[in-house]
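Protein chains in written order, with our numbering: chain A, 1 to 283; chain B, 1 to 283; chain C, 1 to 283; chain D, 1 to 283. Working notes, structure below.
Protein chains: 4
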Amino acid sequence: MELWFTEKHTPYVQFSIKIEKQLYAGKSEFQRIDILESREFGRILTLDGYLMLTEKDEFIYHEMITHVPMSVLPHAHRVLIIGGGDGGTAREILRYKTVESIDLVDIDEMVADACRRYIPQTAASLDDPRVKCHFEDGLKYIRHYENEYDLIIVDSTDPFGPGEGLFTKEFYGNCYKALKDDGIMVNQHESPFYPADSYAMQRAHKRIFASFPISRIYQAHIPTYPSGHWLFGFASKKYHPIIDARWQEWKKLAIKTRYYNPKLHAGAFALPTYVEDIVREVE
Amino acid sequence: MELWFTEKHTPYVQFSIKIEKQLYAGKSEFQRIDILESREFGRILTLDGYLMLTEKDEFIYHEMITHVPMSVLPHAHRVLIIGGGDGGTAREILRYKTVESIDLVDIDEMVADACRRYIPQTAASLDDPRVKCHFEDGLKYIRHYENEYDLIIVDSTDPFGPGEGLFTKEFYGNCYKALKDDGIMVNQHESPFYPADSYAMQRAHKRIFASFPISRIYQAHIPTYPSGHWLFGFASKKYHPIIDARWQEWKKLAIKTRYYNPKLHAGAFALPTYVEDIVREVE
Amino acid sequence: MELWFTEKHTPYVQFSIKIEKQLYAGKSEFQRIDILESREFGRILTLDGYLMLTEKDEFIYHEMITHVPMSVLPHAHRVLIIGGGDGGTAREILRYKTVESIDLVDIDEMVADACRRYIPQTAASLDDPRVKCHFEDGLKYIRHYENEYDLIIVDSTDPFGPGEGLFTKEFYGNCYKALKDDGIMVNQHESPFYPADSYAMQRAHKRIFASFPISRIYQAHIPTYPSGHWLFGFASKKYHPIIDARWQEWKKLAIKTRYYNPKLHAGAFALPTYVEDIVREVE
Amino acid sequence: MELWFTEKHTPYVQFSIKIEKQLYAGKSEFQRIDILESREFGRILTLDGYLMLTEKDEFIYHEMITHVPMSVLPHAHRVLIIGGGDGGTAREILRYKTVESIDLVDIDEMVADACRRYIPQTAASLDDPRVKCHFEDGLKYIRHYENEYDLIIVDSTDPFGPGEGLFTKEFYGNCYKALKDDGIMVNQHESPFYPADSYAMQRAHKRIFASFPISRIYQAHIPTYPSGHWLFGFASKKYHPIIDARWQEWKKLAIKTRYYNPKLHAGAFALPTYVEDIVREVE
Chain A
1 MELWFTEKHT PYVQFSIKIE KQLYAGKSEF QRIDILESRE FGRILTLDGY LMLTEKDEFI
61 YHEMITHVPM SVLPHAHRVL IIGGGDGGTA REILRYKTVE SIDLVDIDEM VADACRRYIP
121 QTAASLDDPR VKCHFEDGLK YIRHYENEYD LIIVDSTDPF GPGEGLFTKE FYGNCYKALK
181 DDGIMVNQHE SPFYPADSYA MQRAHKRIFA SFPISRIYQA HIPTYPSGHW LFGFASKKYH
241 PIIDARWQEW KKLAIKTRYY NPKLHAGAFA LPTYVEDIVR EVE
Chain B
1 MELWFTEKHT PYVQFSIKIE KQLYAGKSEF QRIDILESRE FGRILTLDGY LMLTEKDEFI
61 YHEMITHVPM SVLPHAHRVL IIGGGDGGTA REILRYKTVE SIDLVDIDEM VADACRRYIP
121 QTAASLDDPR VKCHFEDGLK YIRHYENEYD LIIVDSTDPF GPGEGLFTKE FYGNCYKALK
181 DDGIMVNQHE SPFYPADSYA MQRAHKRIFA SFPISRIYQA HIPTYPSGHW LFGFASKKYH
241 PIIDARWQEW KKLAIKTRYY NPKLHAGAFA LPTYVEDIVR EVE
Chain C
1 MELWFTEKHT PYVQFSIKIE KQLYAGKSEF QRIDILESRE FGRILTLDGY LMLTEKDEFI
61 YHEMITHVPM SVLPHAHRVL IIGGGDGGTA REILRYKTVE SIDLVDIDEM VADACRRYIP
121 QTAASLDDPR VKCHFEDGLK YIRHYENEYD LIIVDSTDPF GPGEGLFTKE FYGNCYKALK
181 DDGIMVNQHE SPFYPADSYA MQRAHKRIFA SFPISRIYQA HIPTYPSGHW LFGFASKKYH
241 PIIDARWQEW KKLAIKTRYY NPKLHAGAFA LPTYVEDIVR EVE
Chain D
1 MELWFTEKHT PYVQFSIKIE KQLYAGKSEF QRIDILESRE FGRILTLDGY LMLTEKDEFI
61 YHEMITHVPM SVLPHAHRVL IIGGGDGGTA REILRYKTVE SIDLVDIDEM VADACRRYIP
121 QTAASLDDPR VKCHFEDGLK YIRHYENEYD LIIVDSTDPF GPGEGLFTKE FYGNCYKALK
181 DDGIMVNQHE SPFYPADSYA MQRAHKRIFA SFPISRIYQA HIPTYPSGHW LFGFASKKYH
241 PIIDARWQEW KKLAIKTRYY NPKLHAGAFA LPTYVEDIVR EVE
């Protein structure tokens, strides 16, 4: 049975995965949701046809969006996740015992429900007592908080469709306000390689850079995302992502990771020259 | 006109590029050679259907396979390139004025000829007076040299087909012998992600590790290679790739790069934990 | 969401249909069964990855495999269908009031069940009181009957996998025996165009031609089958498919068809010269 | 080397052919022209990405567009081909010794030149002394002739792009005028199956039916055209395509054909009911 999921990374580049079975197809108020079973990547979540995660390589994305800021803030108490309805980011944050509560704000409850049923590898976390799910618009949610969170993780979809508002100046400004004085905001930051992705990345960085005193970009190898070269933004009121990292403390926590490690943490901020050039252009 | 080049990264994963035009199709004694024109990546060289380089992202591969060792050996005189018939590696090495001669040993002259005609971006280097092309088997060539080269770059195809011999213990041993006392060997080292590539990488590392006192692996983001996560091997008789890097000297050379930079050089050796685990298994 | 079903018609030819949703995926003792939803063709049944029917063009196949023989035998009483678990052939036969009973013998009950649930357009017929389903091997079933049926329709899958036995000399001989003196056997007969299909067609025709005094081939345009040019075999003890057709009687039955009509019936036996040549070779 | 030519038959249906080599890519004033080499179909001509002919199955199209009218007019002297720059239609007409001259009017000389070089199987005919090529707009050419031709064959591309004008009422009216009193016009008539093709077919038929006293549609199995079910129009001032066919005379000509034969000629006019319904709607 030849069934292939295809994502156009650009109009001229296709990435295709052989599918054994479609496990779920749903249409929420916000987007189309599919869960597919593949031999190469295990289960795959797609939203509006864009690949969001695969069981095989989601650890890379979820470790890098969480342990980088958490090794700077190993004693964070209050964490806010915007997006992240699949539960992968919450799962990694829950590994820190000092975290008292995670507010997870995702606009689309159907994503969480589908993942709960078909991708417990990430979504089991959603039922942890420390996680409180709010199925509402993150853009609106954030407006009501001030000096509340140690860490905000913006685990959004791409900057079109339902995730669009999470790439605006207003949103980043409100995140700044909602953070404590030593708070950190981390966000998924698209890819530097293909022109459309690179432009979105640049635009987002420009806005974050204008909102936070410290704003750095780091990278990871995520094989199932366009170009395999994915960026994250680290924005902070006070802490530098490398100088202020507390890796000794982090190591004591004995959190077993498969991608993240302190050396790689530092290395991830060493960007290729062409990426630095794109970033610098808007700083 | 919908013409697509498709490479199976695994039996279950396809990467496809829209082709505007096939510029060249040839069959040498060793392999099938094609040069394709694409809108996204410019011209593309494939050997036996495997993508070797694209005009758009070849700079990543070629900078990383050259400037990493050259910043440790900024005054290298004699360089040997095994493979590399497209000329991209030679082009980067030629940017060092102190290099007196480059021996380029590629088994297949037709590759060089096709690239000369259609991909001057890399192949123009082949006509530089400092480059001497030897169209013969690198495995045999290397047997005749001792204490000859400062740097050997193994810019091979994958470890099956004509490139197979360049992944053997005998070959690495002969490279060791052909190097001077402070010489370095760098090789393209496949990808850690998909199982078959990862296994090839591990096997090659095992052999290099057994042949050289210092053997480290570093990585780059190459969007058109399987998984986008590509590895290189740095093997050396004496110098450590980071501790002994001479970045001050390198910076004085004022070589303008688009991917490589000293910070990234150091970061490139910080591997994800799962890659370190694969590597350690055979050390 | 780009999900494509692809069938290789040959190693060098692919036919691909965009899929909105996979409705069913099952694995029986005999084969893999999938039901897919598409915008262009409605629901699609595939067995072991081969397209069996689509809601949009199944009428062509099912009308041509039934009304051609039934217009020669408009008063048939006892009909045997071998294969046909999707119910489409039975549906067309049920339109003849004089048919008293249809024995439908399909090896795989899961196909019938899946179609009952997802493709009632064909499978609703299976619950008609005149249809008796026998889920067993047609090859064995047929051995027990003599002088029993007016019409046997071999509505099989391709001659490999579970359908293989239905293309053997033994099977056709037993069909002959199970037919009444004026009985007719009709079978799906592959395509004449692509070499592998053409060879299968020729081999089957050779065996039928050796077993029946009258044996003719007719054709239809089935867009979703390989090459779109599909053949059927008409084998009979006594009646010629055109000379003995009783179209006046057939017309009085006022069966509304979308592909079949008496003129087309005659035309369908006029084969292209290259097909006649293939057929003649084995007569 | 996996290089695939893909034609979208509809937005939801793709037909793909593995390509060994692109032999030619050109861009004329009118369209993009490609000639591809494939293992399954031999050489393939595409215009603006639409498959026009393959060496393997062009005989079907070219025999059916010529021998059907020629068996009604076996002594035709003057033949006009509009389009047909690949030469296949001319080749078949040249087999009739009584044909004195063929005017071939194709807007795009580059198509003829490319076919002359790469597809002599069809284009060798263009250099026959009886063929006169006029590289100009057929729509304009036809305006200047009255009572001139025995047979006009409209061997056009699809009714969009350069072939558009060849589907207009004005054009068909001028063809009528250019024909002798017993003249025949035959045209390629798209497919009845996919909605957009079917609509184009219906619209063309409506216009031809309004221009000619006799207007019938016939069909052939052409595996590489959308749906494999292709139609032709037979329009005539006087002769009926079946009643007036002169097959005895035609047989005496001893023209060896691979698809066409007199029985099939008659059968080709027996259309499926759903096609007749579409046709009737506009008569």
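Don't be surprised by glycine CBs; every beta carbon is placed ideally from N, CA and C. Predicted model, so just to flag it, every value in this text is computed and none were measured.
In this model, D:ASP150 and D:THR89 are separated by some 15 Å (Cα to Cα).
In the three-state reduction of the DSSP assignment, A:LYS180 falls in the strand class. D:GLU29 sits in coil when the DSSP states are folded into three classes, being neither helix nor strand.
In the three-state scheme derived from DSSP, where H, G and I count as helix and E and B as strand, D:VAL105 is classed as strand.
Contact between C:ALA114 and C:ILE33 holds, with the beta-carbon distance rounding to 5 Å and staying under 8 Å.
Per the Cβ contact rule, the region 92–103 of chain A is in contact with the region 124–141 of chain A (3 or more Cβ pairs under 8 Å).
Within the region 75–87 of chain C, no residue has a Cβ lying closer than 9 Å to any Cβ of chain A. Rounded to the nearest whole angstrom, the CA to CA distance from C:GLY87 to B:PRO159 is 53 Å.
Taken atom to atom, the span from the alpha-carbon of B:ILE142 to that of B:PHE269 is near 28 Å. Per the coordinates, the alpha-carbon of D:CYS175 lies some 7 Å from the alpha-carbon of D:MET185. With contacts defined by Cβ atoms closer than 7 Å, B:LYS18 and B:TRP4 form a contacting pair.
A:ALA235 counts as buried, since at least 16 other C-beta atoms from the protein chains shown sit within 10 angstroms of its C-beta.
C:HIS62 is outside the set of residues whose beta carbon lies under 7 Å from a beta carbon in chain D.
Beta-bridge analysis with DSSP links B:HIS229 to B:HIS221. Membership of A:GLY267 in any beta strand (DSSP E) is not indicated; the residue belongs instead to the alpha helix (DSSP H) covering 262–268. Interface with chain D (7 Å Cβ-Cβ cutoff): B:LYS18 is excluded. By the neighbour-count criterion, in which a residue is buried when 16 or more other Cβ atoms sit within 10 angstroms of its Cβ, C:PRO195 is exposed. Beta-bridge annotation (DSSP): D:CYS133 is paired with D:LEU104. One finds TRP4, THR6, GLN14, PHE15, SER16, ILE17 and LYS18 in chain A with Cβ atoms closer than 9 Å to the Cβ of B:GLN14, taken in chain order. For B:GLN22, the closest Cβ of chain D is nearer than 7 Å. For C:THR157, the closest C-alpha among the options C:TYR260, C:PHE232 and C:ILE214 is that of C:PHE232.
Residue pairing for A:TRP4: DSSP places it in a beta bridge opposite A:LYS18 and C:TRP4.
Residues of chain B with a Cβ closer than 7 Å to the Cβ of D:ARG91 do not exist, since the nearest Cβ in that chain sits about 26 Å away. Across the structure, B:LYS177 and A:ILE65 are spaced so that their CA atoms are roughly 45 Å apart.
Counting the other CB atoms within 10 Å of its CB gives D:PRO11 a total below 16, which places it among the exposed residues. Our two residues, C:THR46 and C:THR224, have alpha carbons roughly 12 Å apart in a direct line. Under the three-state reduction of DSSP, A:ARG43 is assigned to strand. Within the same chain, and ignoring the five residues on either side of D:PRO192 in sequence, the residues whose Cβ sits closer than 7 Å to its Cβ are SER198, MET201, HIS229, LEU231, VAL275 and ILE278. Between C:ASP137 and C:ILE107, the gap from beta carbon to beta carbon is short of 7 Å. When Cβ-Cβ separations below 7 Å define contact, D:ASP103 makes no contact with chain B.
Rounded to whole angstroms, the gap between the alpha carbons of A:ARG216 and A:VAL72 is 14 Å.
Counting along the chain, no alpha helix (DSSP H) covers A:ASP48, and no H or E run does either. When the alpha-carbon of D:VAL105 is set against those of D:PHE212, D:ILE255, D:ILE153 and D:ILE214, the nearest one is in D:ILE153. Where C:ILE81 is concerned, the enclosing beta strand (DSSP E) starts and stops at 78–83. Residue nearest to C:ILE243 within the set C:GLY267, C:ASP103 and C:LEU23 is C:GLY267 (criterion: CA-CA distance). Approximately 7 Å separates the beta-carbon atoms of B:PHE209 and B:VAL282; this is inside 8 Å, confirming the contact.
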